[in-house]
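To start, the structure itself, in structure tokens.
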Amino acid sequence: MKFIVSSSVLLKQLSAINGVITTNPVLPILENFLFVIENGNLTITASDLQTFMVTELEVEAKENGSVTVPARILLETLKNLPEQPVTFSIDESSYTVEISSDNGRYKLSGESAVDFPKKPPVSDAYNVDMSSEVLGAAINNTIFATSNDELRPAMTGVFVKLDDTNITFVATDGHRLVRYRRVDVSSDSGTSIIIPRKALNLLKSTLPSDNTNVSVEFNLSHAIFRFNTVQIFCRLIDERFPDYENVIPQNNTNHMSINRMELLGSLRRISIYANKTTHQVRLKITGSELQISAEDLDFSNEANERLTCEHNGEDIEIGFNAKFLVEMLNNISSKEIALQLSAPNKAGLIVPAEKDSNEDILMLVMPVMLNNYV
Amino acid sequence: MEGEKKAMRKIIHIDMDAFFASVEQRDNPELRGKPVAVGGNKQRGVVAAASYEARAFGVFSAMPSVTAARKCPDLIFVRPRFEVYKEVSRQIHQIFEEYTDLIEPLSLDEAYLDVTENKKGMPYAKDIALEIKEKIFQKTRLTASAGISYNKFLAKTASDVKKPNGLYIIYPHKAEAFLEQLPVKKFYGIGKVTAEKLNGMGIFTGKDLKSYSREHLHRWFGKSGEFYYRIVRGEDERQVHAHRTRKSIGAERTYAENIETKEAVYEALVPLAQEVSRRTQKSRLKGKTLTLKIKFHDFEIASRSKTFVQAFDDEAGILLGAKELAQQIPRQPFSIRLLGLSLHNLSDEAQEGQLRLELT
Chain A
1 MKFIVSSSVL LKQLSAINGV ITTNPVLPIL ENFLFVIENG NLTITASDLQ TFMVTELEVE
61 AKENGSVTVP ARILLETLKN LPEQPVTFSI DESSYTVEIS SDNGRYKLSG ESAVDFPKKP
121 PVSDAYNVDM SSEVLGAAIN NTIFATSNDE LRPAMTGVFV KLDDTNITFV ATDGHRLVRY
181 RRVDVSSDSG TSIIIPRKAL NLLKSTLPSD NTNVSVEFNL SHAIFRFNTV QIFCRLIDER
241 FPDYENVIPQ NNTNHMSINR MELLGSLRRI SIYANKTTHQ VRLKITGSEL QISAEDLDFS
301 NEANERLTCE HNGEDIEIGF NAKFLVEMLN NISSKEIALQ LSAPNKAGLI VPAEKDSNED
361 ILMLVMPVML NNYV
Chain B
1 MEGEKKAMRK IIHIDMDAFF ASVEQRDNPE LRGKPVAVGG NKQRGVVAAA SYEARAFGVF
61 SAMPSVTAAR KCPDLIFVRP RFEVYKEVSR QIHQIFEEYT DLIEPLSLDE AYLDVTENKK
121 GMPYAKDIAL EIKEKIFQKT RLTASAGISY NKFLAKTASD VKKPNGLYII YPHKAEAFLE
181 QLPVKKFYGI GKVTAEKLNG MGIFTGKDLK SYSREHLHRW FGKSGEFYYR IVRGEDERQV
241 HAHRTRKSIG AERTYAENIE TKEAVYEALV PLAQEVSRRT QKSRLKGKTL TLKIKFHDFE
301 IASRSKTFVQ AFDDEAGILL GAKELAQQIP RQPFSIRLLG LSLHNLSDEA QEGQLRLELT
């Protein structure tokens with residue numbers, strides 16, 4: 001089997017799906033790309049067993065055939081070749097792959113295509129379409145709040161619930177929670193799934209920034225995302241997602257609104273002085289003034305800033321992990337945000353002050369108990 | 001929230017009989033019927049476990065090997081094989097899991113099981129305990145003792161009553177009477193020293209202990225006094241925690257030659273700090289309190305502790321703290337046979353004060 005392809009075109013496709021390959025895979029063959037040629041069309045697959053990424057491109061080929069090629073060596077070779085057509089000659093009995101270019105010849109040993117794991121069939125699937133922009137925003141707004149705790153697998157992914165009027169994405173690690181809702185996407189399937197973080201990260205890095213349609217097909221165990229020439233298959237997390245609506249407070253009556261960038265800037269500076277393990281900062285709201293402070297007793301570091309805000313409610317003093325606040329504020333795009341609080345030991349809410357008509361973002365963060373007697 | 005209605009719980013405490021020693025006797029027929037000590041050797045270290053034959057000579061776990069060898073000159077010392085014990089422990093755990101998920105392991109060879117609601121829907125804890133004992137024997141050729149009652153303290157006390165290969169139930173209506181006749185030194189949680197102190201005060205049995213008020217016990221024993229007050233009345237509300245959190249992480253070493261200079265102490269602390277740091281990081285914990293344990297040539301033990309403002313887990317920090325504690329070794333000159341380092345006051349990932357959502 002033989003085919004000719006532009007080195008840069010192939011490199012671009014391989015780079016798009018290379019992220020799924022792990023450094024120490026369960027099966028050695030998962031360090032390879034699967035190449036399948038059919039009628040002048042090259043389909044490339046990479047996988048870590050949980051997730052499969054597939055892409056296609058046209059090549060010059062006379063015959064059909066398949067082989068798996070070591071990913072790292074191939075990528076390195078293509079990266080270091082000047083742009084040119086390269087010829088792949090594959091011996092399908094010994095799985096030897098020879099690449100010839102103007103510069104020379106490179107030989108590497110592949111493995112049988114038959115041994116490459118098959119991607120799961122997704123039957124009885126629902127389908128929903130959304131733009132890459134919407135999906136990208138949903139992922140960016142939620143993925144940072146997922147948990148690393150393998151003991152609670154449901155929380156290591158993003159929960160997606162489809163209704164006939166909207167789509168809701170939820171992520172939580174038990175300390176914070178994000179609910180991202182869109183009314184411009186809906187489905188009458190009425191189902192919910194949990195998408196693992198890795199698949200979302202891969203989507204995040206491959207989704208085109210221009211407005212491309214993403215077709216999502218899913219059943220209870222798997223999901224497929226298709227856009228342009230790329231397909232991502234992933235196994236879903238088969239767990240019950242915790243009852244998140246119950247923990248979202250309904251009557252946080254202290255409302256403070258403030259310029260997002262000013263608050264973010266202040267938190268970034270103050271957190272330099274916070275304890276390096278707790279990242280605890282203290283927010284004190286009195287009248288129309290927000291005072292942010294932090295101290296690290298071990299180094300006798302302390303910092304203090306005063307900001308102007310608009311405040312409706314009682315004076316309050318509350319502690320938060322600055323990292324959580326910074327991450328949340330970074331992901332909101334509105335100019336002003338509202339911080340809604342009730343008590344120093346109860347969840348706080350951050351919501352954008354101006355709302356996009358299609359988008360509803362709610363971020364919840366649990367406080368850190370302040371110890372005023374240290 | 002804790003339920004208002006207090007249903008009577010059914011707790012089983014399973015305790016393997018002379019675990020390490022029994023495993024060794026199982027795997028090496030030559031050791032059967034003979035006094036065996038696991039851990040230590042004739043000159044150094046302590047006995048980690050003793051076979052029943054050895055116990056007859058007065059050899060017990062945690063006893064210095066030298067003492068053990070003196071009490072029982074034919075005592076055979078065997079190297080511990082923790083990998084094997086862990087494997088057996090895993091097998092036993094698997095058997096427990098057939099009945100309940102509420103399993104709280106205390107060590108490799110002991111666990112509490114809450115079988116109030118069990119996977120097999122068996123009405124009698126006694127039947128469960130008998131089945132578990134039988135399955136353990138089938139699978140591992142080792143025997144276990146079981147104690148059954150309505151709380152952890154009584155279950156644990158019960159498993160000790162008919163050892164080895166026994167089963168004992170403390171029924172709710174008989175608990176108080178049982179505890180009244182029990183010598184205080186048999187109460188779980190009352191150690192040798194406390195028992196002696198109690199005996200010195202004329203308190204020998206549960207009945208004697210019960211005659212003292214909460215205030216008295218609190219004054220004499222602090223927080224533990226509260227505990228004694230309640231357990232002697234058969235009260236123990238502690239739940240069976242499936243994931244028990246660790247209280248401390250430590251490492252210690254007995255040296256082939258006693259350590260007699262400060263420089264040598266510093267040198268010896270390096271691998272200990274490394275070990276403690278490695279294990280603390282592996283459990284993703286950090287600790288605030290560092291303790292240095294010193295055992296002198298005459299077996300007297302001293303310890304020095306310091307609590308730091310911030311929790312830590314790094315080797316450098318532990319070593320620095322340990323050297324500081326080593327300044328306070330209470331003898332000069334000294335001759336040290338054992339050093340130990342441990343971190344206490346552990347918190348996970350130092351998420352201290354960080355509140356969690358109550359997600360269900």
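In the order they appear, the protein sequences are chains A and B.
Under UniProt numbering, the residue at position 141 of the first sequence is numbered 141, and the numbers go up by one with no gaps.
Under UniProt numbering, the residue at position 299 of the second sequence is numbered 299, and the numbers go up by one with no gaps.
Each residue gets a CB set at the ideal place from its N, CA and C atoms; glycine is no exception.
So with Cβ pairs under 8 Å, would you call Leu357(B) a contact of chain A?
yes
Cβ atoms of His241(B) and Glu110(B): under 8 Å apart, would you say?
no
Going by DSSP, what residue range makes up the alpha helix (DSSP H) through Ser187(A)?
Where Ser187(A) is concerned, there is no enclosing alpha helix (DSSP H), given that its DSSP letter is neither H nor E.
Please report the distance separating the alpha-carbon of Glu38(A) from that of Leu14(A).
Straight-line Cα distance between these residues: approximately 18 Å.
Assuming Leu154(B) and Gly234(B) form a contact by the criterion Cβ under 8 Å, report the distance between their Cβ atoms to the nearest whole angstrom.
6 Å
Buried or exposed for Lys119(A), going by 16 or more other Cβ atoms inside 10 Å?
buried
Could you check the C-alpha separation between Ile292(A) and Val185(A) for me, to the nearest Å?
Their backbone Cα atoms lie some 39 Å apart in a straight line.
Less than 8 Å between the beta carbons of His13(B) and Ser159(B), yes or no?
For His13(B) and Ser159(B), yes; Cβs fall inside 8 Å.
Going by Cα to Cα distance, which pick from Pro64(B), Ala273(B), Leu182(B) is closest to Asn41(B)?
Pro64(B)
Going by other Cβ atoms of all chains shown within 10 Å of its Cβ, with 16 needed for buried, is Arg201(B) buried or exposed?
The sequence shown places Met at residue 201(B), not Arg. Label assigned to Met201(B): exposed.
With 16 other CB atoms within 10 Å as the buried threshold, where does Gly206(B) fall?
That one is buried.
How do the segment 235-254 of chain A and the segment 214-221 of chain A stand: do at least 3 beta-carbon pairs fall below 8 Å, yes or no?
Cβ pair count under 8 Å is three or more, so yes.
Give me the Cα-Cα distance between Tyr266(B) and Lys186(B), rounded to the nearest whole angstrom.
41 Å
Name the DSSP bridge partner or partners of Thr254(B)?
Leu338(B)
Does Phe296(B) come out as helix, strand or coil in the three-state DSSP assignment?
strand
With a 10 Å radius around its C-beta and 16 neighbouring C-beta atoms as the bar for buried, classify Leu339(A) as buried or exposed.
buried
Which class does Pro64(B) belong to by DSSP, given the choice of helix, strand or coil?
strand
Based on the DSSP output, what are the partners of Cys234(A) in its beta bridges?
Thr51(A), Ala223(A)
Is Pro352(A) helix, strand or coil when you go by DSSP?
strand
So Asn345(A) is in the beta strand (DSSP E); what residue range does that whole segment cover?
Neither: Asn345(A) is in no beta strand (DSSP E) and is coded neither H nor E.
Would you report the Cα separation of Lys162(B) and Ser149(B), rounded to the nearest angstrom?
14 Å
Mind checking His297(B): buried by the 16 CB within 10 Å criterion, or exposed?
exposed
Quick check: what's the CA-CA separation for Pro29(B) versus Asp314(B)?
Rounded to the nearest angstrom, the two C-alpha atoms are 45 Å apart.
So, is the C-beta of Lys286(B) closer than 8 Å to a C-beta in chain A?
yes
Spatial neighbours of Lys156(B) within its chain, please: CB distance less than 7 Å, with the 5 preceding and 5 following residues excluded, ordered by chain position.
His13, Gly147, Tyr188
Is the shortest distance between the beta-carbon of His175(A) and the beta-carbons of chain B less than 8 Å?
yes
For Lys284(A), collect the residues of the same chain with a Cβ closer than 6 Å to its Cβ; drop the 5 residues on either side in sequence, then sort them by chain order.
Gln291, Glu317
Going by C-alpha to C-alpha distance, which of Ala311(B), Gly250(B), Pro271(B), Ser22(B) sits closest to Thr291(B)?
Per the Cα distances, Gly250(B).
Check each candidate in Val69(A), Ala125(A), Val158(A) and name the one with the smallest Cα separation from Phe116(A).
Val69(A)
Could you tell me which whole beta strand (DSSP E) segments of length 3 or greater appear in the segment 224-291 of chain B?
249-259
Could you name the residues of the same chain whose beta carbon sits closer than 8 Å to that of Ser192(A), not counting the 5 residues immediately before and after it, in chain order?
Phe159, Val160, Lys161, Leu162, Phe241
Rounded to a whole number of angstroms, what is the C-alpha to C-alpha distance between Val84(B) and Val23(B)?
8 Å
Taking Tyr255(B) as the reference, give the member of Phe299(B), Val193(B), His216(B) with the closest Cα.
Phe299(B)
With H, G and I counted as helix, E and B as strand and the rest as coil, what does DSSP make of Gly317(B)?
helix
Does the separation of the CB atoms of Leu42(A) and Phe3(A) fall below 8 Å?
yes
Would a check of beta-carbon distances place Ala311(B) closer than 8 Å to chain A?
yes
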